[in-house]
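Protein sequences appear in the order of chains A and B.
So for the first sequence, the working numbering puts the first residue at 15; every next one is plus one.
So for the second sequence, the working numbering puts the first residue at 70; every next one is plus one.
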Amino acid sequence: MPVTQPPAIRLAGVRKTFGPVVANRDASLEVAAGEIHALVGENGAGKSTLMRVLAGMYGPDAGTVQVAPQGAGALRDVTGWTTAEAIAAGVGMVHQHFMLVPTLTVAENVVLGQELTKGLQLDRARAEAEVRALSQKTGLQVAADRPVSELSVGEAQRVEILKVLYRGARILILDEPTAVLSPPEVRELWTVLRGLAAQGGTVVLITHKLDEVVDISDTITVMRAGTTVERIRTADTTPQAIARAMVGRDVALALDVMGAGDELHAERVERRAASVEGGAVAEAAPARGRDSTLDARRSALEVTGLTVAGARRPNEVDGVSFSVAPGEILGIAGVEGNGQTELLEALAGLARPTAGRIALAGADVTALGVRARADAGLSHIPEDRHRRGLVLDWSIADNLVLGLQHRFSAGARLDGRRIDENARRLVREFDIRPADPSLPARALSGGNQQKIVIAREMTGRDYHVLLAAQPTRGVDVGAIEFIHDQLRRARAAGKAIVLVSADLAEILALADRVAVMYRGRFATVLPRREASAERLGPYMTGAAGAEPAA
Amino acid sequence: MSDATAGATAAERADRRRTLLEEAVLPPLVALAIALVVGDLLILTFGQSPGAVFAMLLEGTWANAYGFGQVLYKATSLTFTGLAFAIGARAGLFNIGAESQLAAGGFAAAVAGLALGGAPAILAVPVCIAAAAVGGGAVGAVPGVLKARFGASEVIVTIMLNFVVLALLNYVIAAHLHVPETLHTPEIAAGVPRLADLSDAFRGSAANAILLLALAAAAAAWWYLFRTRPGFELRAVGLQPDAAEYGGVDVGRVWVRAMALSGAVAGLGGLNYVLGYKHYYEEGFAAGSGFLGVAVALVGRNHPLGIVIAALLFATLSQGGLAVNALVPKQMVEVLQAVVILAVVTSVPEVRRVLRAALRPAAKPAKAAA
């Protein structure tokens with residue numbers, strides 16, 4: 015049925031470069047009016063850039079953009095239009111990062127920029143009434159008179175969508191809308207989007223999650239390395255076929271743990287499975303949140319009953335226990351916002367747990383601060399390198415000693431010579447580019463910034479345990495490979511690694527054991543050979559749960 | 070490989086020179102140039118010749134020993150308060166309380182001097198200096214502790230503490246310590262040499278050896294901020310507290326330390342009057358130099374060298390205002406001070422861009438050679 019519809023959007027031959035980086039080349043997209051179209055591809059495939067070209071945020075270097083005004087009627091060439099023109103033509107984009115004023119109410123945020131006035135005053139009552147009506151019509155339930163600061167992430171996203179719809183959008187572009195949502199919120203969002211499509215709206219959804227694509231879309235366009243490689247009707251395909259189209263890369267990554275290329279490692283996994291888990295018989299039944307069989311003397315990191323209080327839920331981390339052996343990667347999978355961030359911050363000493371015990375190589379470090387834990391052999395690649403991992407205005411050289419400053423000083427004096435030497439050595443060893451240690455970290459690409467963090471955390475101290483949170487997020491493909499290689503080498507060198515990633519493929523590619531975190535708990539912990547996307551999926555969405563802790 | 074190493078070092082050195090130029094030297098110069106142009110226009114509106122007025126301004130400040138001495142005296146206080154603000158600012162704190170911290174430092178020095186009576190200068194002067202640092206530092210530490218413990222905004226606390234501390238000191242003076250018929254304490258015996266002791270030309274000017282202490286404080290502040298581990302941690306807290314925390318820094322402790330240091334440096338500024346000039350504490354002697362220190366630090370881009378230059382600039386304008394009063398109202402010079410501040414805030418980023426573009430081609434061949 016949707017195929018017979020006339021196209022509402024047609025992009026052809028779009029090219030967009032940022033300096034030396036080619037974000038889009040010869041990218042094409044055709045979306046029929048009234049359909050839900052999924053734009054899929056890996057991180058960095060150029061999905062967001064293409065949609066920003068469509069929404070008027072960027073002008074393309076080459077190619078054409080055609081849109082049917084208000085999502086109906088004949089296509090019109092709008093190449094290089096502005097966001098204001100795009101909004102006037104009914105094209106609205108909901109961004110990954112919210113752009114809301116926290117102190118204003120929902121209604122005020124929605125009408126911001128098009129405020130209804132009564133004389134000189136804001137007509138708040140009418141604004142609220144209109145927002146309420148729109149909310150009713152679309153099913154985007156949110157209280158119009160509440161301040162945005164009080165909303166949950168899911169509610170805030172509904173406000174963003176309302177904002178775009180209030181401006182009359184008939185073509186709605188959503189950039190990774192589910193990254194921050196819980197499974198029930200995702201289901202509600204799907205209902206809303208289906209309603210919009212049924213009322214003649216057109217939806218383009220950017221995502222890299224295959225289950226979502228299959229769930230919600232009518233048609234799929236796959237992007238790879240900046241270009242569109244395939245356009246398929248959802249009904250005619252399978253997740254496996256989409257994954258293949260997205261590039262063998264994810265598939266290859268997921269396979270190479272078991273693949274023939276890495277027999278040595280596969281052997282190691284099995285040996286540990288046999289020796290460490292205290293007899294495979296006990297584990298023959300699926301392991302469920304139970305993982306206390308490791309010998310405490312042998313575990314590099316031992317966490318018992320860790321609980322971290324939170325703002326959104328009573329406990330962001332709710333009595334988590336696990337241990338990691340030297341030479342093992344424990345992967346923690348799960349939808350973002352289920353306590354992974356808080357868990358790692360508590361392990362690193364950045365957040366105070368309300369209960370529980372953390373032991374590094376058998377020594378209790380629960381009472382220690384960040385520096386003392388680091389000195390005890392804990393390295394940490396933080397989730398947000400812009401906020402935590404780097405001082406962006408500082409030079410590469412200074413960033414390479416952040417957290418190690420006491421090792422690069424004599425008394426109170428910083429040892430500038432050693433800091434410079436250290437920087438020159440690490441820039442060379444880790445191929446950080448541009449290779450000028452005096453450049454500010456801000457000037458580097460995401461991949462090179464992450465290399466600074468990795469170089470510092472993996473060489474700066476003699477660590478036993480490495481916490482790696484989203485180590486490849488926002489990092490170019492070449493650097494991803496490099497980072498994965500570094501993690502594998504660290505494992506081979508006997509380091510214990512806790513890997514948190516929103517990317518299940520990454521977890522499956524690297525981890526020896528996989529835990530799924532859901533609502534602050536480990537919903538399950540499986541050895542790698544028993545873990546698969548199909549097996550883990552239900553735990554990530556809460557469909558399968560942990561047994562009550564014994 | 071040794072070539073590459075040498076090249077990187079040369080590039081780093083060039084980069085450091087450029088940073089120094091951009092951060093410390095250039096802003097006051099640009100601000101001065103703009104102030105000159107605006108000053109010309111202002112003077113014209115008063116029907117005077119800009120040339121004559123500026124000549125008079127220079128004559129009354131840098132061209133004669135007394136005027137120059139007065140400039141140095143004012144610049145001394147402003148260097149301390151500018152440094153005080155900059156130390157806070159580098160830690161991400163807006164210390165607007167230098168006025169009362171300076172007063173508290175001066176008061177503590179005066180009390181120490183009175184207590185010491187006729188002790189020899191070799192003992193009395195260091196004790197007074199330490200007292201000033203402790204007095205200012207104590208007042209400065211309060212907002213630091215309140216911020217670290219309770220998250221209280223240091224802006225509000227330092228503003229309010231200005232009123233509290235100044236009122237308290239005035240009360241103590243008025244109730245217990247003043248010389249009858251005056252608003253000041255008795256004179257203390259301790260003191261440092263004045264410039265007038267060196268040469269008769271400086272007679273009557275207030276400039277004194279605390280000037281050297283100000284320069285030493287600037288050098289020490291530079292060393293502390295850019296060459297020591299605590300300074301490294303302080304700057305990390307100022308730029309990105311989350312990254313500093315991740316780097317094992319106790320952010321709250323750094324706040325307290327930075328505010329105490331900031332207050333201590335401001336407190337040393339009180340010595341300029343108490344130890345160098347009048348030898349007593351007098352109500353209102355700070356006379357706004359604490360607040361002007363904010364402008365000095367702003368124009369000096371929170372860099373000690375820039376602050377010394379900016380302090381000289383503001384001191385010149387302030388003394389020059391008195392010199393040109395015959396031709397134009399001295400308030401004109403206050404307008405000029407405001408123009409300087411606005412010029413720095415608005416024009417410096419633009420100038421920096423131009424400068425960077427101009428320096429880039431020169432830097433490239435060096436890198437290519439390496």
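Note that beta-carbon positions come from the ideal geometry of N, C-alpha and C, so glycine has one too.
Residue i vs residue j beta-carbon contact at 8 Å
i: residue 534 of chain A; j: residue 332 of chain A; result: yes
i: residue 333 of chain B; j: residue 205 of chain B; result: yes
i: residue 235 of chain B; j: residue 172 of chain B; result: yes
i: residue 231 of chain B; j: residue 166 of chain B; result: yes
i: residue 257 of chain B; j: residue 179 of chain B; result: yes
i: residue 383 of chain B; j: residue 402 of chain B; result: no
i: residue 114 of chain A; j: residue 178 of chain A; result: no
i: residue 319 of chain A; j: residue 366 of chain A; result: no
i: residue 467 of chain A; j: residue 403 of chain A; result: yes
Partner residues on chain B for residue i, Cβ-Cβ distance less than 7 Å
i: residue 407 of chain A; result: 308
i: residue 456 of chain A; result: The contacting residues do not exist; residue 456 of chain A stays about 11 Å from chain B at best.
i: residue 396 of chain A; result: 315
i: residue 364 of chain A; result: 314 and 315
i: residue 388 of chain A; result: 317
i: residue 195 of chain A; result: Near residue 195 of chain A there are no residues of chain B at all, since even the closest Cβ is about 25 Å away, more than 7 Å.
Contact list for residue i against chain A, beta-carbon separation under 8 Å
i: residue 352 of chain B; result: Within chain A, no residue comes near residue 352 of chain B; the closest Cβ sits about 39 Å away, beyond 8 Å.
i: residue 109 of chain B; result: Under the 8 Å cutoff, chain A gives no residues; its nearest Cβ is about 37 Å from residue 109 of chain B.
Partner residues on chain B for residue i, Cβ-Cβ distance less than 9 Å
i: residue 385 of chain A; result: 316, 317, 318 and 319
i: residue 423 of chain A; result: 297, 298 and 301
i: residue 419 of chain A; result: 298, 301, 302, 305, 316, 317 and 318
i: residue 188 of chain A; result: By Cβ distance, chain B contributes nothing, its closest Cβ being about 29 Å from residue 188 of chain A, past 9 Å.
i: residue 480 of chain A; result: The contacting residues do not exist; residue 480 of chain A stays about 15 Å from chain B at best.
Own chain partners of residue i with C-beta closer than 8 Å, once the 5 adjacent residues on each side are dropped
i: residue 284 of chain B; result: 148 and 377
i: residue 131 of chain A; result: 137
i: residue 286 of chain B; result: 148, 149, 152, 334 and 337
i: residue 230 of chain A; result: 50, 52, 204, 207, 208 and 219
i: residue 99 of chain A; result: 70 and 92
i: residue 27 of chain A; result: 40, 41, 42, 76, 77 and 78
Same chain only: Cβ atoms within 7 Å of residue i, ignoring 5 sequence neighbours per side
i: residue 329 of chain A; result: 321, 322, 323 and 534
i: residue 462 of chain A; result: 446 and 447
i: residue 388 of chain A; result: 417 and 475
i: residue 298 of chain A; result: Below a pLDDT of 50, predicted positions are generally treated as unreliable, and residue 298 of chain A, at 34, falls in that range; no measurement from the model is reported.
Strand pairing of residue i, partner residues [DSSP]
i: residue 351 of chain B; result: B:253
i: residue 135 of chain A; result: A:132
i: residue 43 of chain A; result: A:25
i: residue 336 of chain A; result: A:317
i: residue 373 of chain A; result: A:316 and A:378
i: residue 554 of chain A; result: DSSP output for residue 554 of chain A lists no bridge partner at all.
i: residue 378 of chain B; result: Residue 378 of chain B is not bridged to any residue.
Within chain B, the residues that residue i reaches when beta carbons sit closer than 8 Å
i: residue 403 of chain A; result: 312 and 315
i: residue 427 of chain A; result: 296, 297 and 298
i: residue 360 of chain A; result: Chain B residues near residue 360 of chain A: none, gap ~13 Å exceeds 8 Å.
i: residue 53 of chain A; result: Here the premise fails: no neighbours, minimum Cβ distance about 33 Å.
Cβ-based neighbour list, residue i, same chain, cut-off 6 Å, excluding 5 preceding and 5 following
i: residue 304 of chain A; result: With a pLDDT of 36 at residue 304 of chain A, under the threshold of 50, the predicted position of this residue should be treated as unreliable, though the coordinate-derived value follows. Excluding residues within five positions, none has a Cβ falling inside 6 Å.
i: residue 265 of chain B; result: 271 and 272
i: residue 128 of chain A; result: none
i: residue 50 of chain B; result: Since the first residue shown for chain B is 70 and the last is 439, residue 50 of chain B is missing from the structure and cannot be characterised.
i: residue 486 of chain A; result: 494 and 497
i: residue 340 of chain A; result: 314, 508 and 510
i: residue 66 of chain A; result: 72
*Should the region 379-399 of chain B be regarded as contacting the region 124-142 of chain B, the criterion being three or more beta carbon pairs within less than 8 Å?*
Touching, yes.
*Indicate whether the contact test is met: 3 or more Cβ pairs, each with one atom in the region 143-158 of chain A and one in the region 114-124 of chain A, closer than 8 Å.*
yes
*Does the count of Cβ pairs from the region 230-242 of chain A and the region 47-60 of chain A closer than 8 Å reach three?*
yes
*Can at least three beta-carbon pairs, one atom from the region 361-371 of chain B and one from the region 174-193 of chain B, be found at a separation below 8 Å?*
no
_Whether or not the region 211-228 of chain B and the region 321-331 of chain B are in contact is what I'm after, with contact meaning three or more pairs of Cβ atoms, one per stretch, closer than 8 Å; do they touch?_
yes
*Should the region 307-314 of chain B be regarded as contacting the region 249-258 of chain B, the criterion being three or more beta carbon pairs within less than 8 Å?*
Judged by Cβ distances under 8 Å, the region 307-314 of chain B makes no contact with the region 249-258 of chain B, as fewer than three pairs qualify.
*Touch check for the region 68-76 of chain A and the region 29-42 of chain A: three-plus C-beta pairs under 8 Å?*
yes
*Do three or more CB pairs link the region 38-45 of chain A to the region 221-228 of chain A at distances below 8 Å?*
no
_Any contact between the region 341-355 of chain A and the region 513-532 of chain A? By contact I mean 3 or more CB pairs, one from each, below 8 Å._
Note that the region 341-355 of chain A touches the region 513-532 of chain A; at least 3 beta-carbon pairs, one per stretch, sit closer than 8 Å.
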